[in-house]
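In the numbering used here, the protein residues as written are 224 to 430.
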């Protein structure tokens with residue numbers, strides 16, 4: 224199961240606010256990963272635009288809190304063998320005032336849920352791959368929303384890698400393979416989705 228925000232949902236770079244689009248299957252990264260892994264795998268896509276690690280959004284609503292969403296997803300689907308989590312971008316919005324360490328704490332709260340006896344037993348055990356999203360760019364459509372986000376997101380890989388090591392989960396830094404689009408500073412274009420999908424498939428193949 225892939226669990227994330229708009230970049231897991233497949234939202235393309237947005238030249239204007241409040242528009243909705245979604246890249247097609249075969250282009251968005253979870254489906255690229257699924258195809259690369261082969262027919263023995265079955266994909267569950269759980270990407271919600273606006274989702275945070277553990278923050279209630281004052282504009283979009285409390286359901287953007289990833290703690291709520293992860294519990295729902297783990298109780299809606301199953302059994303699963305692998306959970307791929309990529310979150311943290313939305314937490315970097317200036318309105319939340321979160322530091323890189325605070326965003327990492329939000330990710331830790333999700334690992335705590337996923338590692339709980341309740342959900343590990345429910346699914347007869349599953350592995351976790353934590354993916355750090357690439358740095359945001361303070362430009363384009365959402366540049367002002369992510370004021371100071373570039374420097375904070377640049378620190379996330381270091382903190383996420385340490386967190387993954389502490390929890391004993393697998394880790395991949397998406398920023399080593401792709402960049403956010405300068406159109407809006409946060410979303411991935413089609414080529415980046417394909418590149419990330421293959422990078423994650425290669426990582427999963429080694430687990």
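Yeah, the Cβ is synthetic: ideal placement off N, Cα and C, and Gly gets one too. In this text, all values refer to a predicted model and were calculated from it rather than measured experimentally.
{"Check": "In terms of alpha-carbon separation, which member of 234, 255, 305, 261 lies closest to residue 270?", "Outcome": "234"}
{"Check": "Pick from 337, 307, 238, 294: whose alpha carbon is nearest that of residue 396?", "Outcome": "307"}
{"Check": "How is residue 430 classed by DSSP in three states: helix, strand or coil?", "Outcome": "coil"}
{"Check": "Rounded to whole angstroms, how far is the Cβ of residue 228 from the Cβ of residue 274, which I believe are closer than 8 Å?", "Outcome": "4 Å"}
{"Check": "Under the DSSP definition of a beta bridge, which residues are partnered with residue 268?", "Outcome": "225"}
{"Check": "Name the two residues that bound the continuous alpha helix (DSSP H) containing residue 239.", "Outcome": "From DSSP, residue 239 is part of no alpha helix (DSSP H); its letter is neither H nor E."}
{"Check": "For the stretch 367 to 374 against the stretch 334 to 345, are there 3 or more C-beta pairs whose distance is under 8 Å?", "Outcome": "no"}
{"Check": "Nearest CA to the CA of residue 342: which residue from 255, 426, 304, 393?", "Outcome": "304"}
{"Check": "Which word fits residue 251, buried or exposed, when buried means at least 16 other C-beta atoms lie within 10 angstroms of its C-beta?", "Outcome": "buried"}
{"Check": "Grab me the residues of residue 288's own chain with a C-beta within less than 7 Å of its C-beta, minus the 5 sequence neighbours each way, in chain order.", "Outcome": "275, 277, 278, 279"}
{"Check": "Taking the alpha-carbon of residue 366 as reference, which of 226, 238, 225, 231 has the nearest alpha-carbon?", "Outcome": "238"}
{"Check": "On the criterion of 16 or more Cβ atoms from any shown chain inside 10 Å, does residue 428 qualify as buried, or is it exposed?", "Outcome": "exposed"}
{"Check": "Identify the continuous beta strand (DSSP E) that holds residue 306 and give its terminal residues.", "Outcome": "305 to 309"}
{"Check": "Is DSSP giving residue 293 helix, strand or coil here?", "Outcome": "helix"}
{"Check": "Run through the DSSP bridge pairs and tell me what residue 280 is partnered with.", "Outcome": "284"}
{"Check": "Assuming residue 355 contacts residue 311 under a Cβ cut-off of 8 Å, what Cβ separation, rounded to an integer in Å, is found between them?", "Outcome": "7 Å"}
{"Check": "Which residue's Cα is closest to the Cα of residue 298: 369, 393, 224?", "Outcome": "224"}
{"Check": "Indicate the three-state DSSP secondary structure (helix, strand or coil) for residue 354 in the structure shown.", "Outcome": "strand"}
{"Check": "Would residue 385 be called buried (16 or more neighbouring beta carbons within 10 Å of its own) or exposed?", "Outcome": "exposed"}
{"Check": "Going by DSSP, what residues sit across from residue 275 in a beta bridge?", "Outcome": "288"}
{"Check": "Kindly list the residues whose CB is nearer than 6 Å to the CB of residue 321, restricted to its own chain and excluding five residues on each side of it in sequence; keep chain order.", "Outcome": "314"}
{"Check": "Locate the beta strand (DSSP E) running through residue 379, then write down its first and last residues.", "Outcome": "Segment 372 to 390 is the alpha helix (DSSP H) holding residue 379; no beta strand (DSSP E) there."}
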